[in-house]
Amino acid sequence: MSAALSKKEFVLYYQPKINMHSGKVYGVEALIRWQHPTLNLLPPNSFLPFITDLKLATALGNWVMEKAISHLRIWRLAGLDLSTSINISARHLQDSSFPNHLSTLLEKYPEVPPAAIELEVLETTAFDDLSAASDIIKKCRLLGVRFALDDFGTGYSSLTYLRKFPADTVKIDRSFIMDILEDEEDKAIVGSIIDLGHAFNKEVIAEGVESADHGHCLSEMGCNLAQGFGIAKPMPADHIPDWVSAFNLQKHWQDQSTKKSK
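Quick note: the sequence shown uses the working numbering, first residue -5, plus one each step.
Written as structure tokens, this is what we have:
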């Protein structure tokens, strides 16, 4: 995979995020793919878990951040008012040099407001020193970037992270969202996470929204931010401007309902 990085075989796809109340596309999430020379486009779960070399993992993570910020610069210069979410691993928040690296990136792309960058924290249960990781997050937030707790609700200590991590956003894991239309327990859990997030003054976004019915249900529970295949599948960076320009939430939900009824 080190060779793949040097040969520029990795690419970023982007999944739009919307505000279901306003109908606005407000951001995207950067998702890595491997354009393999013989196996075609590979999803991250087919290669990321097998990266054990710390140096390679760091290099790949740094590449993702810079590529995502460079795409964001292009969009914003073209007049698109978007933010970008970038997944980072526990390793980044155990590295005392990470805030300096992030600062250097921000200086390299002055056209990108730091507040338009949201770092999604993965592997929250993997921190040996939660206090040290929290300190690194605070230093990064002083630069102006935002943080999100990804896959919230799946970790055994989710409440601890919600209380101690200086994050701005909580992402409800798709495993709770997929069955909220049929499973009252999952719906109750999602409702509790929404209320809890708002009580801690966090933005709450649902991932894995697969249909208009899911979207309407979440809106009724007070969660207006969403992403998922029911809104848009991840797409190449150069597809984003046209997709955002053409997107109309009301028409999109109507089209979803029409397809479902056929």
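All C-beta atoms in this analysis are idealised placements derived from N, C-alpha and C, irrespective of residue type, glycine included.
By DSSP, does Y7 sit in helix, in strand, or in coil? As a working mapping, residue 7 is identified with position 13 in the sequence shown. Here Y7 sits in strand by DSSP.
Are G224 and S239 touching if we call contact CB-CB under 7 Å? On the sequence shown, residue 224 is found 230 positions in, with the first residue counted as 1. On the sequence shown, residue 239 is found 245 positions in, with the first residue counted as 1. Not closer than 7 Å, so no.
Would you report the Cα separation of K253 and H233, rounded to the nearest angstrom? Position 259 of the sequence shown, counted from the start, is the residue given in the question as residue 253. Position 239 of the sequence shown, counted from the start, is the residue given in the question as residue 233. C-alpha separation (whole angstroms): 23 Å.
The stretch 51 to 71 touching the stretch 101 to 110, judged by at least three CB pairs closer than 8 Å: yes
As an exercise, report each continuous alpha helix (DSSP H) stretch of at least 4 residues that is fully enclosed by the stretch 143 to 172, in chain order. 152 to 158 and 168 to 171
Beta-carbon contacts of G55 that lie in its chain and below 8 Å, excluding the five residues immediately before and after: Position 61 of the sequence shown, counting from 1, holds the residue named residue 55. Hits under 8 Å: I82, S83, R85 and H86.
Three-way DSSP call (helix, strand, coil) for S91 in this model: Taking the first residue of the sequence shown as position 1, residue 91 is located at position 97. Looking at S91 - three-state DSSP - the assignment turns out to be coil, as it is neither helix nor strand.
In terms of residue numbering, what span does the beta strand (DSSP E) encompassing V106 cover? Residue mapping note: residue 106 aligns to position 112 of the sequence shown, counting from 1. That residue, V106, is in no beta strand (DSSP E); it is neither H nor E in DSSP.
To the nearest angstrom, report how far apart G209 and S40 are at their CA atoms. In the sequence shown, counting from the first residue as 1, residue 209 sits at position 215. In the sequence shown, counting from the first residue as 1, residue 40 sits at position 46. Answer to the nearest angstrom: the Cα atoms are 29 Å apart.
What distance in whole Å lies between the Cβ atoms of I183 and G147, which are believed to be in contact at a cut-off of 8 Å? Position 153 of the sequence shown, counted from the start, is the residue given in the question as residue 147. Position 189 of the sequence shown, counted from the start, is the residue given in the question as residue 183. Sure, about 7 Å apart at Cβ, within 8 Å.
Identify which residue in F194, A220 and A193 has its Cα closest to the Cα of A200. By one-based count along the sequence shown, residue 200 stands at place 206. Comparing Cα positions, the closest option is A220.
Can you give me the C-alpha to C-alpha distance between I63 and L113, rounded to a whole angstrom? As a position in the sequence shown, residue 63 is number 69, starting the count at 1. As a position in the sequence shown, residue 113 is number 119, starting the count at 1. Spanning the two alpha carbons is a distance of roughly 11 Å.
How would you call E23, buried or exposed, if buried means at least 16 neighbouring beta carbons within 10 angstroms? As a working note, residue 23 is residue 29 in the sequence shown. The residue is buried, with at least 16 neighbouring Cβ atoms inside 10 Å.
Report the rounded CA-to-CA distance for D249 versus Y7, giving the unit in angstroms. Position 255 of the sequence shown, counting from 1, holds the residue named residue 249. Position 13 of the sequence shown, counting from 1, holds the residue named residue 7. About 24 Å.
Taking just the CA atoms, how far does S97 sit from D123? The residue labelled residue 123 in the question sits at position 129 within the sequence shown. The residue labelled residue 97 in the question sits at position 103 within the sequence shown. Answer to the nearest angstrom: the Cα atoms are 23 Å apart.
In its own chain, which residues sit with a C-beta less than 6 Å from the C-beta of S213, not counting the 5 before and 5 after it? By 1-based counting over the sequence shown, the position of residue 213 is 219. Closer than 6 Å at the Cβ level, and outside the excluded window around S213, lie M14.
To the nearest angstrom, how far is the alpha carbon of H30 from that of F194? Reading the sequence shown from its first residue, position 36 is the one you call residue 30. Reading the sequence shown from its first residue, position 200 is the one you call residue 194. If you take the alpha carbons of H30 and F194, they lie about 43 Å apart.
DSSP three-state assignment for G21, whether helix, strand or coil: Against the sequence shown, residue 21 aligns to sequence position 27. Residue state, collapsed to three classes: strand.
With a 10 Å radius around its C-beta and 16 neighbouring C-beta atoms as the bar for buried, classify K227 as buried or exposed. In the sequence shown, counting from the first residue as 1, residue 227 sits at position 233. Result: exposed.
Tell me whether Q244 is buried or exposed, calling it buried when 16 or more other Cβ atoms sit within 10 Å of its Cβ. Here residue 244 is taken as the residue at index 250 of the sequence shown, counted from 1. Counting Cβ neighbours within 10 Å, Q244 comes out exposed, since fewer than 16 surround it.
So, are the CB atoms of D162 and F141 less than 7 Å apart? Position 168 of the sequence shown, counting from 1, holds the residue named residue 162. Position 147 of the sequence shown, counting from 1, holds the residue named residue 141. Yes, they are a contact pair.
Since I believe R27 is in contact with P37 (beta carbons under 8 Å), could you give me their beta-carbon distance rounded to a whole number of angstroms? Start at 1 with the first residue of the sequence shown, and residue 37 comes out as number 43. Start at 1 with the first residue of the sequence shown, and residue 27 comes out as number 33. About 7 Å separates the two Cβ atoms, so the contact holds.
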